[in-house]
Amino acid sequence: MSRGCKDGGDGVWKVVSSTLVLDRSPWMRVWDEHVVLPNGAEIRGYIRTESRSFSMCFAVTGDSLVPITRQYKHGVGKEFYELPAGYLEEGESPLECARRELQEETGLGGGKWEHLASLVINSNRGDARAHLFLAIGVEPVSEPHLDETEVLEIEYFSPEELRKMIWDGEIESLATVANILLACARMGE
């Protein structure tokens, strides 16, 4: 991926300087950049981040219920509903990650899987992506295997209930909202 342009004429910002100011590998890196826009305007102190991409899954059981996690999210300081998700590990494909996270968080597996979208999370700051999946016909295959930093509850809702929760403001996670609506559209709900 190009991080700047040679002549400034193709709409890409030119990076004059870039200083790494925070490195919390593998979670996040933050750069302070001096950039020049194609029109000549300059921005000093433009903050750019590099964070890990993740996979998320809208999984439907045989009785047409969807597992969703409810857990405290420190960034917003409250409990959040989110579909099962997790960061991609080194060398892991988005599909492998989605399957692993669903099984680790819920104990569910199997089913027919479909990739719905790979969406950039915040195009102003970085290129991390949310890889969104639909899995139909999942079933229990193991006990959940949460790591020590995961404290969550799994609840089950119908697709209709999840859409209502979005409109009622109960589901606020952008990736979760996108995954639910894309999955429901794909299923014709």
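All residue numbers for the sequence shown refer to the numbering used here, where the first residue is 11 and numbers rise by one. We treat Cβ as the ideally placed atom computed from N, Cα and C, and that holds for glycine. All figures in this text were calculated on a predicted structure; none of them were measured in a lab.
With C-beta atoms as the reference, is residue 158 less than 8 angstroms away from residue 120? No, the Cβ-Cβ distance between residue 158 and residue 120 is not below 8 angstroms.
Check each candidate in 48, 43, 192 and name the one with the smallest Cα separation from residue 124. Measuring from the Cα of residue 124, the nearest candidate turns out to be 192.
Buried or exposed: which applies to residue 183, given that a residue is buried once 16 or more other Cβ atoms fall within 10 Å of its Cβ? By the neighbour-count rule (16 or more Cβ atoms within 10 Å), residue 183 is buried.
Can you check which of these residues, 40, 45, 37, is closest to residue 23 by C-alpha distance? When C-alpha distances from residue 23 are compared across 40, 45, 37, the shortest belongs to 45.
Alpha carbon to alpha carbon, how far is residue 91 from residue 72? Give it in angstroms, no decimals. Each residue's Cα considered, the two are about 22 angstroms apart.
Taking contact to mean at least 3 C-beta pairs separated by less than 8 angstroms, is the region 124–138 in contact with the region 167–183? With the cut-off at 8 angstroms, the region 124–138 and the region 167–183 do not touch.
Endpoints, beta strand (DSSP E) assigned at residue 115: Note, residue 115: premise wrong, no beta strand (DSSP E); alpha helix (DSSP H) at 104–116.
Can you have a look at residue 70 and say buried or exposed, based on whether 16 or more other CB atoms are within 10 angstroms of its CB? Buried is the call here.
Along the beta strand (DSSP E) that carries residue 196, what are the first and last residues, could you check? Careful: residue 196 lies outside any beta strand (DSSP E), inside the alpha helix (DSSP H) at 184–197.
Name the two residues that bound the continuous beta strand (DSSP E) containing residue 78. Counted as a single uninterrupted DSSP element, the beta strand (DSSP E) harbouring residue 78 occupies residues 76–83.
Tell me which residues share the same chain as residue 33 and place their Cβ nearer than 7 angstroms to its Cβ, disregarding the 5 neighbours each side in the sequence. Taken in chain order, the residues that qualify are 39.
Neighbourhood of residue 108 by C-beta, 6 angstroms cutoff - its chain only, sequence neighbours within 5 removed: In its chain, beyond the 5 residues on either side, 65, 67, 143 have a beta carbon closer than 6 angstroms to the beta carbon of residue 108.
From 43, 20, 37, pick the residue whose C-alpha is nearest to that of residue 27; which is it? Restricting attention to 43, 20, 37, the CA atom closest to the CA of residue 27 is found in 43.
What number of angstroms, rounded off, separates the C-alpha of residue 83 from the C-alpha of residue 173? One C-alpha to the other measures close to 21 angstroms.
Closer than 7 angstroms: is that where the CB of residue 122 sits relative to any heavy atom of the ligand SAM? In terms of ligand content, the structure shown is empty, and the ligand SAM therefore cannot be addressed.
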